[in-house]
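Asks: Pasting a structure here, questions to come.
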Amino acid sequence: MTEINRDAGKHMRVDVWLWTTRMFKTRNLATQACRGGHVQVDGQRVKAAQKVSIGQEVRVRKAGSEFIWKITGFIPTRMQASVAVQCYEDLTPPPDPALRGFVPRRDKGLGRPTKKDRREMEKFLGDMAKPQSRNRRD
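In terms of the numbering used here, the sequence shown opens at residue 6 and continues consecutively.
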């Protein structure tokens, strides 16, 4: 098993670090996020080739949310999630409950019938509930 490198003098490209720690599914997506200005290291926008070291703070805007991580280690390649989480400390504040949207609920019997409702209607009505073919010639 590969060891996590916690050497203070070690550096890694920011896009590679984001990919190896599973912040982005592909390295290309991490690079695009850097190009788009969605990645900051210690408060400064960075390019994909920017070197990062242990102790730096990385902020990423993704899917309408901002994530904040402190780098605690490096791994040479993408590995399982249980190893990747040991390479950073999550500093992201919890979301504000007041900002969460209201999830509307449909009262039973209102709106479009569910699949269960449709099956019960077909069972009750029998052949009358089946749609008749429009291409039938009489």
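Where a beta carbon is used, it is the ideal one built from N, C-alpha and C, also for glycine.
#1: Please report the distance separating the alpha-carbon of N33 from that of H43.
#2: Tell me the DSSP bridge mates of I76?
#3: According to DSSP, simplified to helix, strand and coil, what is E8?
#4: According to DSSP, is V65 part of a helix, a strand, or is it coil?
#5: Quick one: is R123 buried, meaning 16 or more other Cβ sit within 10 Å of its Cβ, or exposed?
#6: Starting from K3, follow the alpha helix (DSSP H) in both directions and report where the run begins and ends.
#7: Report the three-state DSSP secondary structure of M17 (helix, strand or coil).
#8: In angstroms with no decimal places, state the Cα-to-Cα distance between V63 and P102.
#9: Sorted by chain position, which residues of the same chain lie with C-beta nearer than 8 Å to A89's C-beta, five sequence neighbours on each side aside?
#10: Mark T31 as exposed unless 16 or more other C-beta atoms lie within 10 angstroms of its C-beta, in which case mark it buried.
#11: Do T36 and F72 have their CB atoms nearer than 7 Å?
#12: Let me make sure I understand the geometry here. Which of G131, G78, Q45 has the alpha-carbon closest to that of A13?
#13: Just the Cα atoms here: how many angstroms apart are T74 and A68?
#14: Can you give me the C-alpha to C-alpha distance between T119 and K128, rounded to a whole angstrom?
Replies: Short version:
#1: 14 Å
#2: Y93
#3: coil
#4: strand
#5: exposed
#6: The structure shown does not extend to residue 3, since the chain is modelled only from 6 to 143, so the question has no answer here.
#7: strand
#8: 24 Å
#9: T25, T26, R27, I80, R83
#10: exposed
#11: no
#12: G78
#13: In the sequence as presented, Thr is not what sits at residue 74; that position holds Trp. Whole-angstrom Cα-Cα distance: 16 Å.
#14: 14 Å
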